[in-house]
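Contents: one structure, followed by commentary.
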Amino acid sequence: MRVTVRRNRATTWPVALSSPWAMAAGALGVSTSAVLIGVSGASPGTATFYRCALAAAILLPLAVFERRREGHPTKRQRIYASVAGVLFAGDALWWTQAIGEVGAGLSTVLVNAQVVLVPLLALAVDREPVSRRFLAILPVMIIGIVLTGGVLEHGAGSDPVGGTIHALLAATCYSGFLFLLRRGGSSGRPVQSYSYVLVSAALVSLGAGFLWHGMTLAPGWTQLGWLLLVALGGQVAGWLLVAIATPHLPSETGAALLMLTPIGALVLGAVALGERPSALQITGSAAILVGAFFVSRNTGRAGHRD
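Residues 11 to 316, numbered by our numbering, are exactly what the sequence shown covers, in order.
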């Protein structure tokens, strides 16, 4: 059965938040997470739990406002969102682990396999066709990801095999999370749906944190402050915009625009940490920007195809 994503006519949120520009802004918001989590020094479980729990608390007034205007999420929305939260937790935990094992560059490349997997999921499950434009620009974007990640310039990390496995598991979870986030938000009520994602992810990461690499329930004020910034920048300003926009865009457009995340991380690392991107990384970023522009062109309404 083919599922067609349509705009919810009764939505509380402005139409502008459903545009490719909003999706791009969300991707750049998400890009702040990697640098801020690195600065915080928190373990995977601690970082994932607090970034989700704090964001859920911040979004509570918006969720209540949306509930009064649009009503409760459907049972299907709650199920999609809860499973998406489990997958988001798996992505965050495994990706954080992979950074130390295989290096930040290669882990970023492997996780961003979602640019291929998400459209393939939409094709297999929802019978959503993949455009010729996307297929043509995909090799350029993959090369851009490899160059931006610095894979050709750095070592493979302390455990290449384990890191590759963890990064690929993260990529699988990431792709499933994006697919369900898009599917669950197609019926409206994106803030409430996303709140279920956050609560589910927080609970899973809390349990996993105690079993895997430790969990700090009472981090110091400095670490908590950094994680609050992660919640505000990555989870609220970033993923909330993605959650609102992605149901109204073709899956390939959303996947391509999320490729702006490593570019944002590269720029933030240069500004906040004094890192200097190489010529190859700058070239890769330019390739990603060109690819994202061409894939997202003329997709202002859902369901547009070349």
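Positions of the beta carbon are idealized from the N, C-alpha and C atoms, including for glycine.
Query: Can you give me the C-alpha to C-alpha distance between L237 and V128, rounded to a whole angstrom?; Result: 28 Å
Query: Assign V171 to one of two classes, buried (16 or more other C-beta atoms within 10 Å of its C-beta) or exposed (fewer than that).; Result: exposed
Query: Find out if the Cβ-Cβ distance for the pair V214, V96 is shorter than 9 Å.; Result: yes
Query: Can A91 and A57 be called in contact, C-beta distance under 9 Å?; Result: no
Query: Could you give the distance in angstroms between the alpha-carbon of V49 and the alpha-carbon of R137?; Result: 42 Å
Query: Give, in chain order, every unbroken run of the alpha helix (DSSP H) that is at least 4 residues long and sits entirely within the segment 223–249.; Result: 231–240
Query: Roughly how many whole angstroms lie between the Cα atoms of V240 and P139?; Result: 35 Å
Query: Could you tell me the boundaries of the alpha helix (DSSP H) in which S43 lies?; Result: 42–50
Query: In chain order, what residues of the same chain have a beta carbon less than 6 Å from the beta carbon of G100, not counting five sequence neighbours either side?; Result: C183
Query: Who are the Cβ neighbours of L216 in its own chain at under 6 Å, not counting the five residues just before and after it?; Result: F59
Query: So what does DSSP say about H82, is it helix, strand or coil?; Result: coil
Query: Looking only at C-alpha atoms, which of F75, R192, A280 sits nearest to M33?; Result: R192
Query: For V74, which of R199, A280, A228 has the nearest alpha-carbon?; Result: R199
Query: Can you find the residues in the same chain that come closer than 6 Å, C-beta to C-beta, to G36, ignoring five residues on each side of it along the sequence?; Result: G248, L251, V252
Query: Mind reading off the beta-carbon distance from L145 to G294? Whole number of angstroms is fine, and I expect it under 8 Å.; Result: In fact, because the Cβ distance is near 20 Å, the residues do not count as touching under 8 Å.
Query: In its own chain, which residues sit with a C-beta less than 8 Å from the C-beta of A255, not counting the 5 before and 5 after it?; Result: L27, S28, S29, P30, A32, M33, G36, G264
Query: Given a cut-off of 9 Å, decide if W104 and A211 are closer than it, judged by their beta-carbon atoms.; Result: no
Query: Could you check where the alpha helix (DSSP H) with E262 kicks off and where it finishes?; Result: 261–267
Query: Taking C-beta to C-beta, are G301 and V150 nearer than 9 Å?; Result: yes
Query: Taking all protein chains shown into account, decide if G224 is buried (16 or more other Cβ within 10 angstroms of its Cβ) or exposed.; Result: exposed
Query: Classify P83: buried if its beta carbon has 16 or more other beta carbons within 10 angstroms, exposed otherwise.; Result: buried
Query: Where A289 and P272 are concerned, what is the direct C-alpha to C-alpha distance, given to the nearest angstrom?; Result: 15 Å
Query: Only counting the same chain, and skipping five residues up and downstream in sequence, which positions put a Cβ closer than 6 Å to that of G274?; Result: L38, S41
Query: Under a Cβ-count criterion, where at least 16 other Cβ atoms within 10 Å of its own Cβ denotes burial, should T232 be classed as buried or exposed?; Result: exposed
Query: Look up R192 in the DSSP assignment and say whether it is helix, strand or coil.; Result: helix
Query: Shortest alpha-carbon distance to S203 belongs to which of L242, I175, G81, S141?; Result: G81
Query: Within this structure, are the beta carbons of G186 and V93 separated by less than 9 Å?; Result: yes
Query: Taking all protein chains shown into account, decide if A297 is buried (16 or more other Cβ within 10 angstroms of its Cβ) or exposed.; Result: buried
Query: Within 10 angstroms of the Cβ of V135, are there 16 or more other Cβ atoms? Answer buried if so, exposed if not.; Result: exposed
Query: So, using beta-carbon positions, are L242 and I89 closer together than 9 Å?; Result: no
Query: Would DSSP call V281 helix, strand or coil?; Result: helix
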